[in-house]
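S.K.: Per numbering that gives the first Met the number 0, residue 0 is the first one in the sequence shown, and the count goes up by one each step.
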Amino acid sequence: MPPPVPDAAAANAARTIALQMLEERGRGAVLVGVARVDAALEHLLQALMAPAPTKGDGLFLPDRPLGSLGAKVALARRLGLIDAHVERALSALRKLRNAFAHSTESASLSDQSHSSRLAAIYAEARANPLWSPLEAVLNAQSSSPQGSLDPALRDYILLITILVAFLEATAQQLQPFQPPVVMGLSGISRSDSSTMAP
């Protein structure tokens, strides 16, 4: 069966993200890329949740239950919002970000330890219908004062771009979850407002 045709909005968003990511290099590219994925994953989870009672959603603050990328990935997987391949990709990106953030030496996506961690994920992501067109866009834009685009950085940008675009596109298609029953102090009630016996 052929892969699904990408949504036009996801394709346009992906192109914009890819071109913005071209401005980043080295450690900055890794940290900014994973931060974008983290924000998109948070948006996906918020799309399924009832609105926060106050303007700032404390649930996602760094010291709160969903403040870490790992917690967001685990919850998204348990809710069935992402599949095992995306979970594996997000977990690998989290580990990559941590390695770059805590490294005292110069780190590169071309380093064997990082490239081997991402190789299988890139192979899976190449099946996405946006990979080839975005790769062509990046290759056409890669002439810069900093030189040609490193293939390891190009593949990283493509992965980040696809993840962010599809996390956001998925979030746009979700409605807040309405459980069939709700527990209150007076008992359990159905979504249709009828009360059930305990």
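Glycine is no exception: its CB is placed at the ideal position from the N, C-alpha and C atoms.
Since we're looking at a predicted model, the values are computed, not measured.
Would you kindly report the start and end of the unbroken beta strand (DSSP E) that includes Gly183?
M.R.: Its beta strand (DSSP E) spans residues 180-183.
S.K.: So for Ile161, helix, strand or coil by DSSP?
M.R.: Residue state, collapsed to three classes: helix.
S.K.: In whole angstroms, what separates the C-alpha of Pro175 from that of Leu43?
M.R.: For Pro175 and Leu43, the distance between alpha carbons rounds to 11 Å.
S.K.: Who are the Cβ neighbours of Leu92 in its own chain at under 7 Å, not counting the five residues just before and after it?
M.R.: Correct list, in chain order: Val33, Val36.
S.K.: Could you name the residues that DSSP lists as bridge partners for Arg189?
M.R.: DSSP, once it has assigned bridges, lists Val180 as partnering Arg189.
S.K.: Output needed for Leu65: all residues of its chain with C-beta closer than 6 Å, excluding positions within five of it in sequence on either side, in chain order.
M.R.: Taken in chain order, the residues that qualify are Leu58, Phe59, Lys71.
S.K.: Over the uninterrupted alpha helix (DSSP H) stretch that includes Asp62, give me the two end residues.
M.R.: Where Asp62 is concerned, there is no enclosing alpha helix (DSSP H), given that its DSSP letter is neither H nor E.
S.K.: Do Ala17 and Leu162 have their C-beta atoms closer together than 7 Å?
M.R.: Contact flag unset, no.
S.K.: Would Ala139 be called buried (16 or more neighbouring beta carbons within 10 Å of its own) or exposed?
M.R.: It is exposed - the Cβ of Ala139 has fewer than 16 other Cβ atoms within 10 Å.
S.K.: Between Ala73, Arg87, Ala106, which has its C-alpha nearest Ala122's C-alpha?
M.R.: Nearest of Ala73, Arg87, Ala106 to Ala122, Cα basis: Arg87.
S.K.: Tyr155 to Gly183, Cα distance in whole Å?
M.R.: When rounded, the distance between both Cα atoms is 47 Å.
S.K.: Would you identify the three-state DSSP class for Ser90, choosing helix, strand or coil?
M.R.: Three-state result, Ser90: helix.
S.K.: Lys54 by DSSP, collapsed to three states: which one?
M.R.: Coil, per DSSP.
S.K.: Short of 6 Å in beta carbon distance, which residues of its chain neighbour Ile81, apart from the five on each side in sequence? Order them along the chain.
M.R.: Around Ile81: Ala75.
S.K.: Which residue marks the beginning of the alpha helix (DSSP H) containing Asn127, and which one marks its end?
M.R.: It is not in any alpha helix (DSSP H) - Asn127 carries neither H nor E in the DSSP assignment.
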